[in-house]
Every structure is written in structure tokens, then in C-alpha cells.
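Chemist: Chains as they are written, first to last, in my numbering: chain P, 2 to 225; chain R, 2 to 225.
Protein chains: 2
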Amino acid sequence: MNKEALFSIPLPTIRRFPAYLRLLKDFENAGESWVSATRLAEDLRLKPIQVRKDMSCTGVEGKPKVGFEVHELIMAIEHHLGWDNATDAILIGAGNLGNALVGYKGFANYGLRIVAILDNDKKKIGTTVYGVTVQSMEHLEETVVRLGVNIAVLTVPAEVAQEVAEMVVAAGIKGIWNFVPKNLTLPEDIIVQRTDLATSFAELSSRIKKSIEEKSRTKRSLQN
Amino acid sequence: MNKEALFSIPLPTIRRFPAYLRLLKDFENAGESWVSATRLAEDLRLKPIQVRKDMSCTGVEGKPKVGFEVHELIMAIEHHLGWDNATDAILIGAGNLGNALVGYKGFANYGLRIVAILDNDKKKIGTTVYGVTVQSMEHLEETVVRLGVNIAVLTVPAEVAQEVAEMVVAAGIKGIWNFVPKNLTLPEDIIVQRTDLATSFAELSSRIKKSIEEKSRTKRSLQN
DNA sequence: TAGATTGTTAATCGATTAACAATC
DNA sequence: TAGATTGTTAATCGATTAACAATC
Numbered sequence: 002m003n004k005e006a007l008f009s010i011p012l013p014t015i016r017r018f019p020a021y022l023r024l025l026k027d028f029e030n031a032g033e034s035w036v037s038a039t040r041l042a043e044d045l046r047l048k049p050i051q052v053r054k055d056m057s058c059t060g061v062e063g064k065p066k067v068g069f070e071v072h073e074l075i076m077a078i079e080h081h082l083g084w085d086n087a088t089d090a091i092l093i094g095a096g097n098l099g100n101a102l103v104g105y106k107g108f109a110n111y112g113l114r115i116v117a118i119l120d121n122d123k124k125k126i127g128t129t130v131y132g133v134t135v136q137s138m139e140h141l142e143e144t145v146v147r148l149g150v151n152i153a154v155l156t157v158p159a160e161v162a163q164e165v166a167e168m169v170v171a172a173g174i175k176g177i178w179n180f181v182p183k184n185l186t187l188p189e190d191i192i193v194q195r196t197d198l199a200t201s202f203a204e205l206s207s208r209i210k211k212s213i214e215e216k217s218r219t220k221r222s223l224q225n
Numbered sequence: 002m003n004k005e006a007l008f009s010i011p012l013p014t015i016r017r018f019p020a021y022l023r024l025l026k027d028f029e030n031a032g033e034s035w036v037s038a039t040r041l042a043e044d045l046r047l048k049p050i051q052v053r054k055d056m057s058c059t060g061v062e063g064k065p066k067v068g069f070e071v072h073e074l075i076m077a078i079e080h081h082l083g084w085d086n087a088t089d090a091i092l093i094g095a096g097n098l099g100n101a102l103v104g105y106k107g108f109a110n111y112g113l114r115i116v117a118i119l120d121n122d123k124k125k126i127g128t129t130v131y132g133v134t135v136q137s138m139e140h141l142e143e144t145v146v147r148l149g150v151n152i153a154v155l156t157v158p159a160e161v162a163q164e165v166a167e168m169v170v171a172a173g174i175k176g177i178w179n180f181v182p183k184n185l186t187l188p189e190d191i192i193v194q195r196t197d198l199a200t201s202f203a204e205l206s207s208r209i210k211k212s213i214e215e216k217s218r219t220k221r222s223l224q225n
């Protein structure tokens with residue numbers, strides 16, 4: 002057994018795991034049972050050495066000249082992410098984004114299952130989103146307790162995000178996946194994961210800006 | 002003028018810029034014209050020293066004991082992100098996620114404007130999403146050229162993502178914001194920004210897993 | 001003024017990358 | 001076998017953090 006797996010896995014590696022997972026499942030579906038770090042690196046545009054480091058975090062041992070067993074890697078990565086057991090979650094806010102997330106098939110691959118949807122809007126309560134009925138926020142605590150859910154996905158308007166987050170925590174939720182572009186102030190032991198479109202767009206913007214600047218610089222130097 | 006701003010800004014700083022921007026705008030709306038790094042750090046749960054470093058990247062100079070001028074910071078950050086001029090983009094794939102993105106009001110704050118929606122589904126073509134009419138994919142190249150758009154937002158099914166991406170590139174698009182959980186293989190000079198729900202959920206999963214492990218460890222050591 | 005806050009230089013920390021022996 | 005690939009140790013790189021003088 003690889004010793005490194007016993008230490009905590011670096012965050013950048015954790016963040017690369019899902020991409021590996023998707024690719025490995027493609028290989029599995031294609032009937033390939035072995036894959037080399039070189040091959041993974043090529044397909045994901047990473048460096049082979051980085052892939053090998055990442056793979057060493059999974060605890061899976063490879064065979065020189067052959068590579069790694071695809072299925073073993075899949076199992077190991079899913080285990081390290083806790084994706085081998087389905088995690089139930091409730092979703093608050095049946096707006097556009099909320100509905101999109103409920104309908105997002107990819108979640109099945111992450112072991113995430115949205116088992117209840119809650120909203121305050123009377124027009125939405127009672128309607129069905131991808132087979133899940135929207136409930137009144139009044140049922141929040143009862144639902145959390147009855148279903149034994151630990152995670153809430155938050156897709157409410159920014160104005161009420163803090164208030165709703167506090168209700169959710171009061172109901173017993175331990176982790177919040179926050180899609181609202183707003184920082185939540187919550188007790189330290191509550192895990193808040195923010196998915197912020199702005200962060201990703203900021204990265205794209207700055208890359209485009211840089212690329213434009215580089216082009217105009219090249220043009221200028223050609224003119225001289 | 003601060004010299005550091007002339008060098009390229011570290012990616013982690015770029016990624017923190019949107020959060021600063023939101024908070025600064027809150028302060029501006031509240032009528033506050035000065036803010037200290039200490040205060041920003043507190044609200045965003047960062048360390049003051051990190052905020053000062055980040056602020057130094059904006060090129061804005063602060064005043065000892067007072068802090069930074071809110072409006073000046075807003076302008077500087079928006080400028081560095083290229084958010085001071087509206088950027089037009091087209092969106093391909095009028096599914097749930099696509100519609101959610103078109104309706105996402107926050108984009109106005111990023112200077113992102115979705116000026117056209119394209120889809121292959123005949124049932125969707127001609128319908129209106131938040132005031133923008135869905136067009137046939139046949140109009141792709143014409144639309145890109147006519148509107149002079151450089152960015153495409155991709156929210157199509159994974160199976161067709163590669164194919165659509167190639168069409169989009171052929172039509173003249175320079176940057177792709179890819180919401181499809183699939184790696185695209187495209188020419189090197191095309192900027193692809195991937196927003197991957199799985200990456201964010203992987204982070205949440207591993208944090209929850211770690212927190213559960215820590216709790217059970219504490220419990221065990223208390224029993225001894 | 002006294003003290004809070006800035007800005008810069010240097011130290012630390014952690015991730016990536018290089019180098020290379022081990023191995024199938 | 002020869003050579004591709006793994007796994008580990010050490011070097012490098014870049015971001016975060018510490019320390020502290022400057023300043024309003």
C-alpha cells in the first residue's frame with residue numbers, strides 16, 4: 002500500500018479528481034481495463050508527472066510499462082471523495098438555477114441525490130420538478146429530520162440567502178452548497194461550499210484580456 | 002503608482018476579486034466611501050495581510066489609518082477584470098441550465114451580456130427566454146459575425162459538446178465558457194474556461210468527509 | 001500625539017516539476 | 001531483452017504569511 006494516501010490529499014488534487022473520474026469511466030465503458038498516467042495526462046492536458054503524483058494520492062499502485070487498473074482507480078477516487086455512498090441533500094429555491102440543478106443528471110455520478118425541494122412561493126409549492134414535489138418552507142425542519150439529510154443546496158435570491166441559511170442551520174443541516182453570490186455568516190462548524198459563477202468568469206475575463214493585450218503587443222512590435 | 006500592478010496578477014488574487022467587488026459595492030450602496038483591508042478581511046474571512054497584498058495588485062494606494070477609497074477600488078478591480086466594458090456573448094443550448102444563466106441577473110455586474118441564444122431543438126427555436134429569442138444553429142456563423150461576438154457560453158448535452166464547440170470555433174469564437182462536464186479538444190489559441198459543478202462538489206464532499214472523520218476520532222479518543 | 005493601518009521585504013509553506021533508480 | 005512507465009526524493013516555483021518601518 003502506498004503510504005501517501007494516509008496523509009490528507011492536497012486540495013488541487015481533490016479538485017482534479019472529478020475530471021480523472023469522468024475520463025476513467027469513459028475508458029471503462031470503452032472496455033479498456035488499464036491506462037497509463039501518460040495517457041491520462043495527454044487527454045486532460047496535464048503533465049504526466051502531475052498525474053502520477055495525483056494517482057499516488059489514491060493509494061492505487063501502478064505497474065511499470067502498463068499503468069493503472071481503470072476500475073481500481075475509479076473505486077479509489079470515488080472512495081476518497083465519499084462518492085461511493087449516495088449522499089442525500091435538500092434544495093432550497095425552485096427558481097431557474099434550482100430546477101436546472103435538480104434536473105442535472107450528472108449528479109448521479111457524484112453520489113448526490115436531491116430528495117426534497119423547498120420554496121416559499123405559493124405558486125411553486127405542490128408543483129413537481131423532475132419527479133420531486135416542491136414543499137413549503139414550513140416543512141423544513143420536519144423534512145431534514147425525517148430524511149436525515151445533512152446537506153442543503155442553496156439557490157434562493159441573494160436578498161434572503163442569509164436568512165434562509167440560518168433557518169437551514171437551525172433545522173440541523175451541517176453542510177451548505179451555496180450558489181448564491183453572497184457570503185454567508187454562519188457558525189464555524191457549518192461547512193459552506195460556494196460555487197460562484199463570478200469567480201469562473203473572472204478567470205475567463207482575465208485570460209481573454211491578457212490574450213488581447215499580447216496580440217496587440219505582437220502587432221506593435223511587428224510594426225517597428 | 003504602485004509598481005506591482007504592472008506585473009501579471011496571480012490567479013488566486015483574480016479569483017478573489019469578484020468577492021471583493023460584491024462587498025465593496027455593498028459598502029458603496031451603504032454610503033461608505035472608505036474601507037480598511039482589516040474590515041474587508043473580516044467580512045470575507047480572509048487574513049488582513051492577504052487582502053493588503055491583493056489590494057496592492059489593483060494599483061490603488063491606501064491611506065494609513067483610513068484604508069482605501071471604495072469607489073476607486075471598485076473601478077480598479079473592474080478594470081483589471083475587463084468588466085468595465087460590457088462583453089457580449091452568445092449562449093448555445095437553451096436547456097434548464099442555459100435558461101438559468103440567461104436569466105441570471107448577476108451577469109450584469111460582470112459586464113457579461115448574452116445577446117443571442119442558439120439551439121438545435123425545433124420546439125425551442127422561436128421561443129423567447131428572458132427577452133432573447135432562441136435561434137436555429139444554422140444562424141451560428143452569421144450571428145457571430147453580425148454581432149461581433151467573441152465569447153460563447155456552452156450549455157449543451159455532453160454527447161454533442163465537442164461537435165458544437167468545433168462549430169463555434171469555426172464560426173470565429175475566441176473564448177468558450179464551458180458548463181458541460183466534458184473536456185474539449187480545441188486549437189491552442191482558443192481560451193476554454195470550464196465551470197464544473199463536480200469540482201466544487203468534490204471539495205464539499207471531501208470537507209464533509211474530513212469533518213466526519215475528525216468527529217469520530219474525537220469521540221474515540223474521549224472514550225479512551 | 002498615539003496608535004491603527006498601509007506597503008514592502010523576507011521567511012515560510014505547499015504544490016509542481018525535475019531527475020532518476022526500480023521494474024515489468 | 002529493451003524501453004516504457006512507475007514511484008520517490010530533491011529542486012523549483014509561486015503564493016501566503018510574518019515582520020516591521022513608514023505614515024496619517
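Built from N, CA and C at the ideal position, the CB exists for glycine as well.
None of the values given here were measured: they were computed from a predicted structure.
Name the chain P residues that come within less than 7 Å of K210 (chain R), Cβ to Cβ?
Modeler: Within the second sequence, numbered from 1, the residue matching residue 210 (chain R) stands at position 209. Per Cβ cutoff of 7 Å: G83.
Chemist: Is R17 (chain R) closer than 8 Å to D44 (chain R) when the C-beta atoms are compared?
Modeler: The sequence position of residue 44 (chain R) within the second sequence is 43, counting from 1. The sequence position of residue 17 (chain R) within the second sequence is 16, counting from 1. For D44 (chain R) and R17 (chain R), no; Cβs fall outside 8 Å.
Chemist: The alpha helix (DSSP H) with S37 (chain R) in it runs from where to where?
Modeler: Here residue 37 (chain R) refers to the residue found at position 36 when the second sequence is read from its first residue. Here S37 (chain R) belongs to no alpha helix (DSSP H), and DSSP marks it neither H nor E.
Chemist: Excluding the 5 residues preceding and the 5 following A162 (chain R) in the sequence, name in chain order all residues of the same chain whose CB lies nearer than 7 Å to its CB.
Modeler: On the second sequence, position 161 is the one that residue 162 (chain R) refers to. So the list reads L155, V181, K183 and L185, once near-sequence residues are dropped.
Chemist: Starting from R23 (chain P) and walking both ways along the alpha helix (DSSP H), at which residues does that stretch end?
Modeler: Against the first sequence, residue 23 (chain P) aligns to sequence position 22. Looking at the DSSP string, the run of the alpha helix (DSSP H) that includes R23 (chain P) is L12 to N30.
Chemist: In three-state terms, what does DSSP make of I174 (chain P)?
Modeler: Counting from one through the first sequence, the residue named residue 174 (chain P) turns up at place 173. I174 (chain P): coil per DSSP, three-state reduction.
Chemist: Using a Cβ-Cβ cutoff of less than 8 Å, which residues in the same chain neighbour V134 (chain R) once the five nearest sequence positions on both sides are dropped?
Modeler: Locating residue 134 (chain R) in the second sequence gives position 133, where the first residue counts as 1. Looking at the sequence shown, residue 134 (chain R) is not Val but Thr. Excluding positions up to five away in sequence, the list reads I118, G127 and T128.
Chemist: Verify the CB distance criterion: does Y21 (chain P) have a CB-CB separation below 8 Å to chain R?
Modeler: Counting from one through the first sequence, the residue named residue 21 (chain P) turns up at place 20. By this cut-off, Y21 (chain P) is not an interface position.
Chemist: Please go through the same chain and pick out, in chain order, the residues whose beta-carbon is closer than 6 Å to the beta-carbon of I191 (chain R), but skip the five residues on each side of it.
Modeler: Mapped onto the second sequence, residue 191 (chain R) falls at position 190. Counting only Cβ-Cβ distances below 6 Å, and skipping sequence neighbours, we find V170.
Chemist: DSSP three-state call for L185 (chain P): helix, strand or coil?
Modeler: Taking the first sequence and counting its residues from 1, one reaches residue 185 (chain P) at position 184. In this structure, L185 (chain P) counts as coil in the three-state DSSP scheme.
Chemist: Out of curiosity, what's the CA-to-CA distance linking E5 (chain R) and L22 (chain R)?
Modeler: As a first step, residue 5 (chain R) is located in the second sequence; it is residue number 4 there, counting from the start. As a first step, residue 22 (chain R) is located in the second sequence; it is residue number 21 there, counting from the start. With a pLDDT of only 36 at E5 (chain R), under the threshold of 50, the placement of this residue in the model should not be trusted, and no figure is reported.
Chemist: If you drop the 5 nearest sequence neighbours on each side, which residues of the same chain put their C-beta closer than 7 Å to that of G149 (chain P)?
Modeler: Here residue 149 (chain P) refers to the residue found at position 148 when the first sequence is read from its first residue. Cβ neighbours of G149 (chain P) beyond the five flanking positions: none.
Chemist: Within a Cβ cutoff of 6 Å, which residues of the same chain sit near I115 (chain P), ignoring the five residues on either side of it in sequence?
Modeler: Stepping through the first sequence from its first residue, residue 115 (chain P) is reached at position 114. A90, L92 and V103, listed in sequence order.
Chemist: For the alpha helix (DSSP H) containing T59 (chain P), name the first residue and the last one.
Modeler: Counted from its first residue, the first sequence places residue 59 (chain P) at position 58. T59 (chain P) -> alpha helix (DSSP H) spans P49 to T59.
Chemist: What does G107 (chain P) reach in chain R if we use C-beta pairs closer than 9 Å?
Modeler: The residue you call residue 107 (chain P) lines up with position 106 of the first sequence. Going along chain R in sequence order, the residues near G107 (chain P) (Cβ under 9 Å) are A159, P182, L198 and A199.
Chemist: I'd like the span of the alpha helix (DSSP H) that includes V71 (chain P), first residue to last.
Modeler: Start at 1 with the first residue of the first sequence, and residue 71 (chain P) comes out as number 70. Where V71 (chain P) is concerned, the enclosing alpha helix (DSSP H) stretches over V71 to L82.
Chemist: Indicate whether the contact test is met: 3 or more Cβ pairs, each with one atom in the region 54-69 of chain P and one in the region 64-83 of chain R, closer than 8 Å.
Modeler: With a cut-off of 8 Å, the region 64-83 of chain R and the region 54-69 of chain P do not count as touching, because too few Cβ pairs lie within range.
Chemist: Could you tell me if S207 (chain R) is buried or exposed, where buried requires 16 or more neighbouring beta carbons within 10 angstroms of its beta carbon?
Modeler: Counting from 1 along the second sequence, the entry for residue 207 (chain R) is found at position 206. By the 10 Å Cβ count, S207 (chain R) comes out buried.
Chemist: Is the Cβ-Cβ distance between P49 (chain R) and D197 (chain P) less than 8 Å?
Modeler: As a first step, residue 49 (chain R) is located in the second sequence; it is residue number 48 there, counting from the start. As a first step, residue 197 (chain P) is located in the first sequence; it is residue number 196 there, counting from the start. No, they are not a contact pair.
Chemist: Answer yes or no: does any C-beta atom of chain P fall closer than 8 Å to that of A101 (chain R)?
Modeler: If you number the second sequence from 1, residue 101 (chain R) lands on position 100. Yes, contact with chain P.
Chemist: Once the 5 residues before and after L98 (chain P) are set aside, which same chain residues still bring their CB inside 7 Å of it?
Modeler: Locating residue 98 (chain P) in the first sequence gives position 97, where the first residue counts as 1. Cβ neighbours of L98 (chain P) beyond the five flanking positions: T156 and F180.
Chemist: By the criterion of Cβ-Cβ separation under 8 Å, what are the contact partners of Q51 (chain P) in chain R?
Modeler: The residue given as residue 51 (chain P) occupies position 50 in the first sequence. Ordered by position in chain R, no residue passes the 8 Å Cβ test against Q51 (chain P), which lies about 15 Å from the chain.
Chemist: Which complete beta strand (DSSP E) runs does the region 132-177 of chain R hold, if anything under 3 residues is left out?
Modeler: Segments of the beta strand (DSSP E) lying fully in the region 132-177 of chain R: 133-137 and 152-155.
Chemist: So, with DSSP's three-state summary, where would you put D120 (chain R)?
Modeler: Position 119 of the second sequence, counting from 1, holds the residue named residue 120 (chain R). Note: D120 (chain R) maps to strand in three-state DSSP.
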